[in-house]
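In this note's numbering, the protein residues as written are 666 to 1130.
Only one structure is covered here, and it is reproduced in the block below.
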């Protein structure tokens, strides 16, 4: 019997865990970076920076190592969740621990690290504190990737069929965006110093932990997970997606992932540095926060929001019959937006540029997200989460921030911290490099469009829990 609709309970679980997971990921991806610049580097000398690393380099290393941890975790835990046929415990317990680790970040300070390890040299204190942040970020990533990337994403694949996935991906994208706005709203107070980072991380960590507790009572593994027969070994499952025969048989999956990868790399060129860029470049260049609250700017921002949302709806409706055309158009539109952002730090240019960037990114994420789930072989969702993570996390988060770091250092835009030292901050030329990278997404996308998006899997499974 074909089920055209998800149960209300499953919709609630998908929405809740996507929103709360988005809170945790956005806290890590956006505010650990500002935490490094605003807290760790706030009062260090030029000698300490020269003796350790620049703030942008610290961010790039943190993002890259976090990506490695995310992929390794997803490979190991995704295959394990397939083998044990128990997504529920991986999701719920993972969220509980994920929240606890997030809350612990507020206790990382240079003074605490110096006292713990009995350090006195300022450069060593700075470098060691940065590595403490990176280490804790890796631990947090392990928890998040286990619960969200490995188990939750596989669970969503298990409880849906291809006809449902475009709308599910749309909801996941919208909810993820809302969670990003929520984190930004609260995090702006920490970034401005109105509240402490300790309170900020603590409150958000508590929310994530409580969500995990709810999962113990709400989540059920669907029949297709519980009844699946799997006589293969765990190690065989772990490396399943690397087999040449598997890659050949699932060419559309790997082409989707390759094109998706370039699009995400382009975002990672600037995304880890975005809030720092806004704080230290955009706001000062536009006359301060008060000047940005002028009626003309607010009206323009509202119009931009309306146009962007309307454009996303139009493109999604068009994509039902022309996915390939919409994806190609979205990549081109997003690229043009990046190039426009690289031309000026003026607020009106930025607001106008937001339309093509957000529109293109939304369509790319929704359509590629649905396509990847569709092209994963039935019953092997957990095995392919690690492969997915290589393309959407590992490569983008290693390559993108390094390109962004080099762009920022080349531009050499700096601020002077509390003790007179110059700290490099992001510059607008990072968007130029993001646009260049984005163009490469069109190459695998061309071959994917030639193969077509129609999925031959029949929607005949009963997946209601």
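Built from N, CA and C at the ideal position, the CB exists for glycine as well.
Source: prediction; values computed, not measured.
> Can you check whether the CB of residue 773 is closer than 8 Å to the CB of residue 798?
Replying inline: yes
>> One question on the structure: do residue 940 and residue 721 come within less than 8 Å of each other, judged by their Cβ atoms?
In response: no
> Which same chain residues, not among the five before or five after residue 891, have their C-beta less than 8 Å away from its C-beta?
Replying inline: Any answer about residue 891 is weak, because its pLDDT of 49 lies below 50 and its placement is not dependable; what the coordinates show is given next. Within the same chain, residue 891 has close Cβ partners 750.
> What separation, rounded to the nearest whole angstrom, lies between the Cα atoms of residue 683 and residue 1039?
Replying inline: 19 Å
>> Suppose the cutoff is 6 Å on Cβ atoms and the five residues either side in sequence are ignored; what does the same chain contact list for residue 1098 look like?
In response: 934, 1068 and 1072
> How long is the line joining the alpha carbons of residue 910 and residue 878, rounded to whole angstroms?
Replying inline: 41 Å
> Should residue 701 and residue 723 be called a contact, given that it needs their Cβ atoms to be closer than 8 Å?
Replying inline: yes
> Sorted by chain position, which residues of the same chain lie with C-beta nearer than 6 Å to residue 965's C-beta, five sequence neighbours on each side aside?
Replying inline: 1016
>> For residue 887 and residue 835, I'd like the C-alpha separation in whole angstroms.
In response: 22 Å
>> Taking only three categories from DSSP, how would you classify residue 778?
In response: helix
> DSSP three-state call for residue 719: helix, strand or coil?
Replying inline: coil
> Counting Cβ pairs closer than 8 Å, one from the stretch 1016-1031 and one from the stretch 822-841, do we hit at least three?
Replying inline: yes
> So which of 687, 994 and 987 has the shortest CA-CA distance to residue 843?
Replying inline: 687
>> Only counting the same chain, and skipping five residues up and downstream in sequence, which positions put a Cβ closer than 7 Å to that of residue 1064?
In response: 930
>> Check for me: the alpha helix (DSSP H) holding residue 787 runs from which residue to which?
In response: 787-809
> So residue 1089 is in the beta strand (DSSP E); what residue range does that whole segment cover?
Replying inline: 1087-1089
>> Need the endpoints of the alpha helix (DSSP H) that residue 773 sits in, please.
In response: No alpha helix (DSSP H) contains residue 773, which DSSP labels as neither H nor E.
>> Taking 7 Å as the limit between beta carbons, can you name the residues of its chain near residue 881, skipping five residues before and five after?
In response: 757
>> Tell me the residue span of the alpha helix (DSSP H) that contains residue 1081.
In response: Here residue 1081 belongs to no alpha helix (DSSP H); instead the beta strand (DSSP E) covers 1079-1081.
> If you follow the alpha helix (DSSP H) that residue 872 is part of, which residue opens it and which one closes it?
Replying inline: 862-883
> Given 8 Å as the limit, is there contact between the stretch 845-854 and the stretch 706-719, that is, 3 or more CB pairs closer than that?
Replying inline: no
> Should residue 826 be labelled buried (16 or more other beta-carbon atoms within 10 Å of its own) or exposed?
Replying inline: buried
>> Going by beta-carbon coordinates alone, are residue 725 and residue 787 separated by less than 8 Å?
In response: no
> Per DSSP, what kind of secondary structure is residue 851 in: helix, strand or coil?
Replying inline: helix
> For residue 767 versus residue 692, is the C-beta spacing smaller than 8 Å?
Replying inline: yes
>> Please report the distance separating the alpha-carbon of residue 675 from that of residue 1056.
In response: 27 Å
>> Determine whether the beta carbon atoms of residue 1035 and residue 946 lie at a separation below 8 Å.
In response: no
>> At the level of alpha carbons, what is the spacing between residue 1049 and residue 1041?
In response: 7 Å
> Leaving out five residues before and five after residue 954 in sequence, what residues of the same chain have Cβ atoms less than 7 Å from its Cβ?
Replying inline: 948
> Taking the continuous alpha helix (DSSP H) assigned at residue 1104, which residues delimit it?
Replying inline: 1094-1104
> Nearest-angstrom Cα distance between residue 927 and residue 728?
Replying inline: 17 Å
> Taking the continuous alpha helix (DSSP H) assigned at residue 675, which residues delimit it?
Replying inline: 673-691
>> Please state the DSSP three-state secondary structure of residue 951.
In response: coil
> With residue 951 and residue 1002 assumed to form a contact (beta carbons below 8 Å), what rounded beta-carbon distance in angstroms separates them?
Replying inline: Not confirmed; about 19 Å, so no contact.
> Looking at C-alpha atoms only, which residue of 913, 861, 821 and 1117 is the closest neighbour of residue 770?
Replying inline: 861
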